[in-house]
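Enquirer: Mind looking over this structure? Questions follow.
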Amino acid sequence: MESNSYQTNMESLPSGSDVTQDKRILEGRRSFFLWLIAVGTAAMGALLSVPLIRYVLYPVFATTTSLSWSDLGRESDYASITAPERRVVNIKQVDGWREVVSRKPVYVTKGTRKGSLNGVEVLSAVCPHLGCEVPWNAAEGKFMCPCHGSQFGPDGSLLQGPALRGMDTLPIKIENQDLMTRYEYFQALLSYKKEVE
Numbered sequence: 001m002e003s004n005s006y007q008t009n010m011e012s013l014p015s016g017s018d019v020t021q022d023k024r025i026l027e028g029r030r031s032f033f034l035w036l037i038a039v040g041t042a043a044m045g046a047l048l049s050v051p052l053i054r055y056v057l058y059p060v061f062a063t064t065t066s067l068s069w070s071d072l073g074r075e076s077d078y079a080s081i082t083a084p085e086r087r088v089v090n091i092k093q094v095d096g097w098r099e100v101v102s103r104k105p106v107y108v109t110k111g112t113r114k115g116s117l118n119g120v121e122v123l124s125a126v127c128p129h130l131g132c133e134v135p136w137n138a139a140e141g142k143f144m145c146p147c148h149g150s151q152f153g154p155d156g157s158l159l160q161g162p163a164l165r166g167m168d169t170l171p172i173k174i175e176n177q178d179l180m181t182r183y184e185y186f187q188a189l190l191s192y193k194k195e196v197e
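The sequence shown begins at 1 in this note's numbering and counts up one residue at a time.
If you want it as structure tokens, here you go:
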């Protein structure tokens with residue numbers, strides 16, 4: 001009788017191959033759930049870190065340019081101006097944690113175009129064709145672009161292309177009897193003046 005009960009108990013036990021198969025199924029499920037948890041945690045971490053990374057790195061990618069007014073001297077100094085006079089204005093640019101002051105040439109000249117004040121206007125020295133600096137040629141009595149040959153009159157009006165418009169005037173004002181200008185950037189290759197945004 002004992003052998004019969006022992007035999008019955010042995011038959012109820014799973015065989016070695018059944019145990020191995022069940023173990024593989026359990027390990028496969030555990031591995032899948034662990035993989036799912038790991039991927040979910042990584043995805044949540046990535047999503048939560050994006051705003052933090054943007055906050056920390058914002059100054060590196062932020063660029064601002066200060067377009068404040070620059071003093072060009074006493075207005076009375078330009079009352080008897082006969083030829084364009086070159087001046088330099090400072091432009092402050094904040095790039096990340098760096099602050100850079102760049103110097104931009106302008107010309108103060110007689111003129112009656114839109115933007116002039118009391119017969120005086122300030123011109124950007126940048127050629128509206130492709131952005132080269134345009135010097136005043138006193139011997140010729142005109143601005144001559146050294147890059148592509150555009151020519152401009154003493155007031156910045158277009159005399160000869162390939163530029164499609166005259167030299168760009170800059171905003172001016174009189175403050176405490178000083179002539180002030182604000183430097184601006186304009187798009188090239190247009191027949192009209194359009195400020196770069």
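For each residue, glycine too, the CB sits at the ideal point set by N, CA and C.
Of the choices T169, K173, K142 and Q177, whose alpha-carbon is the least far from that of Q160?
Expert: The candidate whose alpha carbon is nearest that of Q160 is K142.
Enquirer: Suppose the cutoff is 6 Å on Cβ atoms and the five residues either side in sequence are ignored; what does the same chain contact list for V39 look like?
Expert: So no residue of the chain qualifies.
Enquirer: Pull up the distance between the alpha-carbon of M167 and that of G156, whole angstroms please.
Expert: Near 5 Å, if we compare the C-alpha coordinates of G156 and M167.
Enquirer: Tell me whether D168 sits in a helix, a strand or coil according to DSSP, three-state version.
Expert: DSSP places D168 in coil when its eight states are reduced to three.
Enquirer: Okay, do the stretch 105-117 and the stretch 77-90 touch, 3+ Cβ pairs below 8 Å being the bar?
Expert: With a cut-off of 8 Å, the stretch 77-90 and the stretch 105-117 count as touching, because enough Cβ pairs lie within range.
Enquirer: Would I37 be called buried (16 or more neighbouring beta carbons within 10 Å of its own) or exposed?
Expert: Exposed.
Enquirer: Return the Cβ separation of V120 and L170 in integer angstroms, given the expectation that the two are a contact with Cβ distance under 8 Å.
Expert: So it is not a contact: roughly 12 Å between Cβ atoms.
Enquirer: If I'm right that R103 touches N90 with Cβ under 8 Å, what's the distance once you round it to whole angstroms?
Expert: 6 Å between Cβ atoms; contact.
Enquirer: Nearest-angstrom Cα distance between V196 and Y183?
Expert: The alpha-carbon atoms of V196 and Y183 are separated by roughly 12 Å.
Enquirer: Starting from the N-terminal side, write out each stretch of the beta strand (DSSP E) that is 3 residues or longer and does not extend beyond the stretch 103-138.
Expert: Listed in chain order, the complete beta strand (DSSP E) runs (minimum 3 residues) inside the stretch 103-138 are 120-124.
Enquirer: According to DSSP, is G73 part of a helix, a strand, or is it coil?
Expert: Three-state DSSP puts G73 in a strand.
Enquirer: Assuming F186 is part of the beta strand (DSSP E), what are its boundary residues?
Expert: Unbroken run through F186: none, as it is neither H nor E.
Enquirer: Nearest-angstrom Cα distance between E175 and R74?
Expert: Approximately 9 Å between the Cα atoms of the pair.
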